[in-house]
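**Q**
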Amino acid sequence: MKIRKFKMNESGLNRFFGPLEAKIMDILWNDVEMTIKDVQQVLDKEKVTNFNTVMTVMNRLVEKGILQKRAEGRSSLFKPVQTRDEFLSAQSKEMTNELMDEFGNVVVSHMLDALEDVDDDLVAKLELKIKELKKEQ
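Take 1 as the starting number for the sequence shown in full-length UniProt numbering and just add one per residue.
(1) Should the stretch 95–102 be called in touch with the stretch 31–51, which here means at least 3 C-beta pairs below 8 angstroms?
(2) Compute the Euclidean distance between the alpha carbons of Arg4 and Ala124, then round it to the nearest angstrom.
(3) At the level of alpha carbons, what is the spacing between Lys2 and Leu61?
(4) In whole angstroms, what is the alpha-carbon distance linking Ile66 and Glu46?
(5) Which residues in the same chain as Val107 place their Cβ atom closer than 6 angstroms to its Cβ, once the five residues preceding and following it in sequence are excluded?
(6) Using a Cβ-Cβ distance under 8 angstroms, would Asp31 count as near chain C?
(7) Can you check the stretch 19–75 for any beta strand (DSSP E) of at least 3 residues that lies completely inside it and give the ranges in chain order?
(8) When you compare only the Cα positions, how much space is there between Ser89 and Glu72?
(9) Judging by CA-CA distance, which residue of Asp119, Gly104, Gly18, Pro80 is the nearest neighbour of Asn30?
(10) At which residue ranges does the stretch 102–127 contain complete alpha helix (DSSP H) runs of 4 or more residues, listed in the order of the chain?
(11) Determine the DSSP secondary structure at Phe78, reduced to helix, strand or coil.
(12) Count the other C-beta atoms from every protein chain shown that fall within 10 angstroms of the C-beta of Leu133, then say buried if there are 16 or more, exposed otherwise.
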């Protein structure tokens, strides 16, 4: 699932989605399945949002492969294709690969420099990965 370019000046879900898309995904990741009306009612608690706008955004998320849609009577139920953790893992991996492609090994150096409190599990994973890379050479 490929979504648009990352917005490095944004944080959280807004790196990957527009503001309304991010709110909709946040709502759907906290529930099982919801109709457009259900999502609109949750959004309306913060700010009144037009039903047709919510419908358009949710259907576009289906087209992008982010949401699944299934008919239930006269309504459609929507749910995310991936959990929040699966989505963020896939997107952060893609973001890392793009940074590596564009900036090379300097990215790894900066990532290591950014580590402040490193737990033992992460250190063990890094050491294992380094050993594996050395064996491949």
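For each residue, glycine too, the CB sits at the ideal point set by N, CA and C.
Here the structure is a predicted model, which is why all the values come from computation and not from measurement.
**A** Put simply:
(1) no
(2) Here Arg4 scores only 49 on pLDDT, less than 50, and its place in the model should not be relied on; the value that follows carries that caveat. One C-alpha to the other measures close to 34 angstroms.
(3) Its pLDDT being 49, under 50, Lys2 is placed unreliably by the model, and nothing is read from it.
(4) 23 angstroms
(5) Leu99, Met100
(6) No chain C appears in the structure shown, which is made up of a single protein chain.
(7) 67–72
(8) 31 angstroms
(9) Pro80
(10) 106–114
(11) strand
(12) exposed
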